[in-house]
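Number of protein chains: 2
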Amino acid sequence: MHQPEHLKSAGLKSTLPRLKVLDLFENSKERHLSAEDVYKQLLNSGEDVGLATVYRVLTQFEQAGLLVRHHFEGGKSVFELNQGEHHDHIVCLQCNHVEEFFDTAIEARQEKVATALGFAIRDHSLHIYADCTKKKCPHKRRKMAPTY
Amino acid sequence: MHQPEHLKSAGLKSTLPRLKVLDLFENSKERHLSAEDVYKQLLNSGEDVGLATVYRVLTQFEQAGLLVRHHFEGGKSVFELNQGEHHDHIVCLQCNHVEEFFDTAIEARQEKVATALGFAIRDHSLHIYADCTKKKCPHKRRKMAPTY
DNA sequence: TGTACGAATGATAATCGTTCTTATTTGCAT
DNA sequence: ATGCAAATAAGAACGATTATCATTCGTACA
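Here the protein sequences come in this chain order: V and F. Just so we're aligned, residue 1 is where the first sequence starts under this note's numbering, counting upward by one. Just so we're aligned, residue 149 is where the second sequence starts under this note's numbering, counting upward by one.
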């Protein structure tokens with residue numbers, strides 16, 4: 001477990017809540033978690049964290065570059081581990097599962113378009129909302145609130 | 149003024165608040181308005197509408213296909229007239245002005261990617277957040293809350 | 001042209017995700 | 001060990017949005 005170094009190098013004290021949150025993202029089945037998701041999972045694991053702390057920690061991790069924040073439809077922020085390579089998202093409308101993809105052509109065209117309009121891209125988000133074409137959606141249907 | 153027909157054909161009674169909101173979108177300088185924007189502008193015009201009504205009407209118009217809703221960063225929904233042709237958005241980080249664009253290559257690649265992953269696209273949103281490359285941002289700086 | 005009835009409205013309470021406040025606890029350098 | 005700044009938990013506060021409900025309005029029909 002090399003997490004304490006992650007935190008230190010990010011200029012953050014190595015505290016229990018922070019370690020737990022980081023651990024959750026590194027070991028959870030779902031890559032994409034909302035604050036509420038993180039909070040509930042920690043409570044279920046017997047941890048005693050406050051919701052406010054979860055929000056604070058997630059924001060700090062985002063600023064430290066450990067996590068990436070996404071705004072899918074539905075009003076709540078969703079976070080995932082920052083593993084360097086940028087990617088876009090396709091959200092299954094049946095089960096809310098998130099698939100990641102990266103397309104060089106799309107990225108390149110975005111640069112071209114922005115340049116043509118006189119802008120320098122700082123960030124972008126491309127979300128595709130789609131239906132599975134398979135007869136039975138292979139993604140496990142979620143009973144709880146969508147996690148994205 | 150052919151608005152009453154718009155409403156009728158959408159299965160909506162032609163009421164004063166609805167006419168006023170539609171009129172605002174058709175005549176406002178800004179294409180992109182939030183619920184709060186609409187509410188304030190109507191109040192400034194001397195109309196006596198309730199905020200709840202504005203939210204209700206905007207949602208109905210979205211469902212009727214008269215308006216399109218966008219979720220830019222910042223937590224609030226922004227609406228614009230639905231004029232048929234889909235387009236994506238580039239948001240100026242200096243002034244929050246929204247520029248629209250459409251790129252066939254990007255659209256095509258999205259289809260390709262989705263198909264390859266076994267999805268049928270139902271909707272998508274591409275938001276580019278960028279800085280103006282001109283020395284002075286040509287877009288009027290907003291003093292009020294961002295309208296996008 | 002009036003009228004009745006259901007739909008639409010405005011005021012306000014409630015909800016949801018998130019942030020702020022504050023008293024208390026914790027990490028860690030000394 | 002000890003002190004102090006930083007971090008925490010609990011809950012209040014917040015902004016955007018939705019729900020509730022009594023009142024008003026639009027319109028089909030007499």
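Backbone N, C-alpha and C fix where the C-beta goes; we use that ideal spot for every residue, glycine too.
In this structure, DSSP gives F220 of chain F a state outside helix and strand, which the three-state scheme calls coil. Only residues of its own chain outside the window of five on either side were considered, and among them I121 have a CB closer than 8 angstroms to the CB of E111 of chain V, listed in chain order. For the C-beta of S176 of chain F, not a single chain V residue is nearer than 7 angstroms; the gap to the nearest is close to 22 angstroms. Taking a contact as a CB-CB distance under 8 angstroms, the pair A10 of chain V and L66 of chain V counts as one, their CB atoms being some 6 angstroms apart. Under the three-state reduction of DSSP output, A278 of chain F falls in the strand class. Those residues of the region 96-114 of chain V placed with their C-beta closer than 7 angstroms to a C-beta in chain F are E99, F101, D103, A105, I106, R109, Q110, V113 and A114, ordered along the chain. Beta bridge pairing from DSSP links S225 of chain F with F:H219. By the CB criterion at 8 angstroms, F267 of chain F and A105 of chain V fall outside the cutoff.
Counting along the chain, D37 of chain V sits inside the alpha helix (DSSP H) bounded by residues A35 to N44. In this structure, DSSP gives V202 of chain F a helical state, which the three-state scheme calls helix. For F102 of chain V, no alpha helix (DSSP H) run applies, since DSSP gives it neither H nor E. Using beta-carbon distances, Y129 of chain V counts as an interface residue toward chain F, with a partner under 8 angstroms. Contact between K20 of chain V and E47 of chain V is confirmed by a C-beta separation of about 5 angstroms, below the 8 angstroms threshold. S225 of chain F is not a Cβ neighbour of A262 of chain F, given a cutoff of 8 angstroms. Relative to F25 of chain V, the option among V:E5, V:P17 and V:V38 whose CA is nearest is V:V38. Counting along the chain, the unbroken beta strand (DSSP E) around V239 of chain F starts and ends at D236 to C240. Legend: CB atoms of the region 152-184 of chain F lying less than 9 angstroms from CB atoms of chain V are not found in any residue. Among the residues of chain F, those whose CB is under 7 angstroms from the CB of A120 of chain V are A278, D279 and T281, following chain order. A Cβ-Cβ separation of about 5 angstroms places R18 of chain V in contact with V57 of chain V under the 8 angstroms criterion.
DSSP, read as helix, strand or coil, puts V113 of chain V in helix. Between the alpha carbons of D88 of chain V and N244 of chain F lies a gap of roughly 23 angstroms. DSSP places S157 of chain F in the helix class (H, G or I) of the three-state scheme.
Restricting attention to V:E107, V:C132, V:R69 and V:K8, the CA atom closest to the CA of L93 of chain V is found in V:C132. Neighbours of H124 of chain V in chain F, taken as residues at a C-beta separation under 9 angstroms, are given in chain order as I238, L274, H275, I276, Y277 and A278.
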